[in-house]
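There are 2 protein chains.
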Amino acid sequence: MDERVREHARTLVDWSARIEAGDDVVVQVDEGAHDLAVAVAAHLGTRGANLLSTYSSAELRRAYLRAHDGAFDADPEYELAMYERADSVLILKGSTNTAGTADVPSERRQAHSKARRAIREARLHTDWVSTQHPTRAMAQQAGMAYEAYEDFVYDATLRDWEALAEEQAQLKELLDAGDTVRIVTDGTDLTMSIEGRTAVNSAASVAYDSHNLPSGEVFTAPEGTEGVVTFDVPMTIQGRRVRDVELTFEDGVVVDFAAEQGEAVIEEVLATDDGARRLGELGIGMNRGVDRVTDNILFDEKMGGTVHLALGRAYDACLPDGVAGNDSAVHEDLITTMGAGSRLEVDGDVVQEDGKFRWE
Amino acid sequence: MDERVREHARTLVDWSARIEAGDDVVVQVDEGAHDLAVAVAAHLGTRGANLLSTYSSAELRRAYLRAHDGAFDADPEYELAMYERADSVLILKGSTNTAGTADVPSERRQAHSKARRAIREARLHTDWVSTQHPTRAMAQQAGMAYEAYEDFVYDATLRDWEALAEEQAQLKELLDAGDTVRIVTDGTDLTMSIEGRTAVNSAASVAYDSHNLPSGEVFTAPEGTEGVVTFDVPMTIQGRRVRDVELTFEDGVVVDFAAEQGEAVIEEVLATDDGARRLGELGIGMNRGVDRVTDNILFDEKMGGTVHLALGRAYDACLPDGVAGNDSAVHEDLITTMGAGSRLEVDGDVVQEDGKFRWE
Chain A
1 MDERVREHAR TLVDWSARIE AGDDVVVQVD EGAHDLAVAV AAHLGTRGAN LLSTYSSAEL
61 RRAYLRAHDG AFDADPEYEL AMYERADSVL ILKGSTNTAG TADVPSERRQ AHSKARRAIR
121 EARLHTDWVS TQHPTRAMAQ QAGMAYEAYE DFVYDATLRD WEALAEEQAQ LKELLDAGDT
181 VRIVTDGTDL TMSIEGRTAV NSAASVAYDS HNLPSGEVFT APEGTEGVVT FDVPMTIQGR
241 RVRDVELTFE DGVVVDFAAE QGEAVIEEVL ATDDGARRLG ELGIGMNRGV DRVTDNILFD
301 EKMGGTVHLA LGRAYDACLP DGVAGNDSAV HEDLITTMGA GSRLEVDGDV VQEDGKFRWE
Chain B
361 MDERVREHAR TLVDWSARIE AGDDVVVQVD EGAHDLAVAV AAHLGTRGAN LLSTYSSAEL
421 RRAYLRAHDG AFDADPEYEL AMYERADSVL ILKGSTNTAG TADVPSERRQ AHSKARRAIR
481 EARLHTDWVS TQHPTRAMAQ QAGMAYEAYE DFVYDATLRD WEALAEEQAQ LKELLDAGDT
541 VRIVTDGTDL TMSIEGRTAV NSAASVAYDS HNLPSGEVFT APEGTEGVVT FDVPMTIQGR
601 RVRDVELTFE DGVVVDFAAE QGEAVIEEVL ATDDGARRLG ELGIGMNRGV DRVTDNILFD
661 EKMGGTVHLA LGRAYDACLP DGVAGNDSAV HEDLITTMGA GSRLEVDGDV VQEDGKFRWE
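Those protein sequence lines, which keep their order, are chains A and B.
Residue numbers for the first sequence follow our numbering, so the first one is 1 and each next one is one higher.
Residue numbers for the second sequence follow our numbering, so the first one is 361 and each next one is one higher.
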């Protein structure tokens with residue numbers, strides 16, 4: 001076994017999920033994540049944690065969902081009971097075919113998802129962490145050779161997280177103290193209020209309210225957005241390609257939109273509900289191990305020198321107690337590159353210029 | 361997908377486990393049982409049952425058990441809660457390496473098993489069924505080419521179970537009415553009492569108290585065994601080869617033993633506890649689809665024209681209410697072929713001769 005797989009497992013168990021002896025851990029194993037699962041099982045054994053592995057197979061899911069009539073039982077008790085009692089859930093992504101559920105009717109998928117709200121909530125109440133094992137299918141999605149993709153994944157994942165947490169703390173401090181953010185780059189001049197909001201130092205650990213490995217971003221919940229933004233990073237949203245999305249905001253609401261590709265998807269997202277036309281998140285990517293777009297949001301939004309904005313739901317961690325953030329059924333991230341000539345300002349002070357933070 | 365995989369799934373879900381809409385079903389998927397799991401998922405969807413798939417990987421288990429210090433938590437609550445609430449557990453065996461846990465110290469394995477008694481009991485209280493998906497590793501264990509092994513598995517599994525249940529009912533009737541059984545074959549002349557005992561018509565369905573697919577046997581709980589038996593079918597017990605075991609019984613207890621190969625294993629089994637020196641089961645194989653020994657007890661003991669006897673624990677289903685059968689920590693099956701010159705008698709009447717039942 002590649003020594004990096006073992007290091008990935010140790011990082012996940014120790015740094016990210018903070019597993020301790022006696023913890024009840026569910027490990028969700030994707031079809032292609034077997035090797036990482038073996039390494040995680042070994043490290044959970046070393047830590048004296050309990051292990052229950054579930055098989056998270058896209059092919060099983062597709063077969064089940066297509067055969068079912070769509071009247072799903074709400075939150076089956078045996079599964080709910082398991083997640084309610086679990087301390088941690090480790091989600092080991094490792095798709096063997098990113099189009100593996102492409103022919104499941106979306107109503108069926110939505111009905112299933114809707115019937116499992118309590119199970120989802122129970123899982124979100126654990127110390128859950130989602131991570132990615134490199135597979136050939138994910139390499140293909142990224143347009144990369146397999147070995148090159150493995151290097152990419154481990155460069156992004158096996159960071160000095162403590163050092164990055166310290167670096168990110170500087171940005172969090174500026175955002176927590178600041179009232180307005182301005183983002184200027186090609187096709188973008190956007191201002192938003194972050195007054196009273198708390199930024200999350202997302203350092204790939206539940207100890208930092210961060211549930212992704214890799215992470216490497218600082219995010220907050222903006223409001224009152226004004227101006228224009230162009231998202232130049234291509235993405236796949238709901239299985240469809242989206243490129244060069246332009247949004248115009250007035251008083252926090254999207255009043256105009258366009259896209260080079262996938263405009264219909266953006267239109268659908270915006271039409272979901274009122275909250276879908278407002279921003280729920282401003283995220284600033286700070287992971288320099290993510291050095292290219294791989295069409296995987298887990299990595300893309302963490303890329304150093306990018307900023308992402310999400311239409312829809314805001315995270316509670318960014319809001320003062322008792323304040324409700326933007327609410328929506330969606331949370332759709334869109335990413336823009338902060339290249340030459342770009343500026344990120346907090347209360348008029350330049351924090352990042354040409355994609356480099358002032359402390360870099 | 362091989363149409364036989366789908367038929368296997370339908371047989372498992374409908375005939376064996378009797379799954380109905382709304383049932384909470386745990387599907388335990390071995391590393392090599394993916395294709396069967398997909399077919400089972402589809403058929404569970406068709407039936408409107410709920411699906412939770414667990415990953416039953418020998419490699420994960422080995423990694424976890426070897427790394428753990430051996431002081432296992434007793435019956436972790438999250439896993440216990442899941443099995444306590446489950447209606448059915450479908451165990452899809454499909455090993456990719458039958459020696460996959462060979463280097464786990466047996467004390468570690470035993471400590472883990474001991475710590476999970478309540479979980480095991482909860483699982484045994486569901487409508488559980490264990491079945492086998494053909495893999496290359498299992499073909500190798502059987503000494504067979506893969507395609508030939510596939511044919512073997514499906515010939516044994518995709519039977520007319522209703523017809524076999526009817527045939528087996530004839531033998532059950534004779535055993536239920538009878539008081540003594542005598543088995544005569546090469547190196548064997550054994551008598552035992554079955555007075556007051558109830559035979560199980562094991563027809564591969566929970567509706568018949570039968571939890572194996574394939575099944576195809578009638579079994580009961582004997583006592584007071586007298587005589588000599590030679591088990592000519594070679595087996596693997598606790599990872600070691602055993603061949604031509606000879607046991608001598610007096611008043612129900614083994615008083616002498618020998619084996620061409622693996623005598624030490626037999627000695628260890630007999631030394632487990634008092635019950636290990638008495639018989640817990642007399643089983644009569646009636647599945648004519650199992651036409652050869654494949655070193656897999658799920659199939660071997662069902663073979664038409666064989667008889668098996670188990671040292672150790674008796675099954676409650678064979679005993680009158682309130683009567684305790686033979687108790688032991690072990691239940692070790694040994695098999696003898698009923699070939700030319702063999703006789704199976706109930707109360708002196710010949711029921712089977714030269715391996716053929718009198719109704720065949």
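Backbone N, C-alpha and C fix where the C-beta goes; we use that ideal spot for every residue, glycine too.
Please read all numbers here as calculations on a predicted model, not as lab measurements.
Asked: Residues of the segment 79-93 of chain A whose Cβ lies closer than 7 Å to any Cβ of chain B, in chain order; Found: E79, A81, M82, R85 and A86
Asked: Local Cβ density within 10 Å of D520 of chain B, reported as buried at 16 or more and exposed below that; Found: exposed
Asked: Where M552 of chain B falls: helix, strand or coil (DSSP); Found: strand
Asked: Near-chain A residues of the segment 369-385 of chain B (beta-carbon distance less than 7 Å), N- to C-terminal order; Found: G382 and D384
Asked: Proximity of N572 of chain B and V690 of chain B at Cβ, strictly below 9 Å; Found: no
Asked: Delimiting residues of the beta strand (DSSP E) encompassing G587 of chain B; Found: E583 to F591
Asked: Close Cβ partners of N326 of chain A (< 8 Å) along its chain, the five nearest in sequence each way excluded; Found: A221, E223, G275, R278, L279, G280, G312, R313 and A314
Asked: S56 of chain A and D73 of chain A closer than 9 Å at C-beta; Found: no
Asked: Cutoff 9 Å: G358 of chain A Cβ touching any chain B Cβ; Found: Before going on, a small fix: residue 358 of chain A reads as Arg here, not Gly. Output row for R358 of chain A: interface = no.
Asked: Exposed unless 16 or more other CB atoms sit within 10 angstroms - verdict on G556 of chain B; Found: exposed
Asked: Short-range partners of chain B found in the segment 35-51 of chain A, where Cβ spacing is below 8 Å; Found: A37, V38, A39, A41, A42, H43, L44, G45, T46, G48, N50 and L51
Asked: Per-residue DSSP class, three states only, for G322 of chain A; Found: coil
Asked: Rounded separation between L452 of chain B and L404 of chain B - CA only; Found: 14 Å
Asked: Which of helix, strand or coil DSSP assigns to E577 of chain B; Found: strand
Asked: Euclidean distance between Cα positions of M552 of chain B and D569 of chain B; Found: 23 Å
Asked: Backbone secondary structure at Q141 of chain A - three-state DSSP; Found: helix
Asked: Residues of the segment 54-73 of chain A whose Cβ lies closer than 9 Å to any Cβ of chain B, in chain order; Found: T54, Y55, S56, S57, E59, L60, R61, R62, A63, Y64, L65, R66, A67, H68, D69, A71, F72 and D73
Asked: Residue range of the beta strand (DSSP E) that includes L51 of chain A; Found: N50 to S56
Asked: Best match in B:D693, B:A397 and B:A381 for proximity to A369 of chain B [C-alpha to C-alpha]; Found: B:A397
Asked: Limits of the unbroken alpha helix (DSSP H) element including E268 of chain A; Found: E263 to A271
Asked: For R378 of chain B, three-class secondary structure by DSSP; Found: coil
Asked: Within 9 Å, strictly: CB atoms of Q492 of chain B and G454 of chain B; Found: yes
Asked: Classification of A17 of chain A by the beta-carbon crowding that lies within 10 angstroms, buried from 16 upward; Found: buried
Asked: Chain-ordered neighbours of V389 of chain B on chain A, where CB pairs are closer than 7 Å; Found: Y55
Asked: Simplified DSSP state of M235 of chain A, which is helix, strand or coil; Found: strand
Asked: Simplified DSSP assignment, three categories, for F512 of chain B; Found: helix
Asked: The alpha helix (DSSP H) enclosing L175 of chain A, as first and last residue numbers; Found: W161 to A177
Asked: Enclosing beta strand (DSSP E) for H691 of chain B [first to last residue]; Found: H691 to T697
Asked: Simplified DSSP state of K93 of chain A, which is helix, strand or coil; Found: strand
Asked: Short Cβ contact (9 Å threshold) for A122 of chain A with A71 of chain A; Found: no
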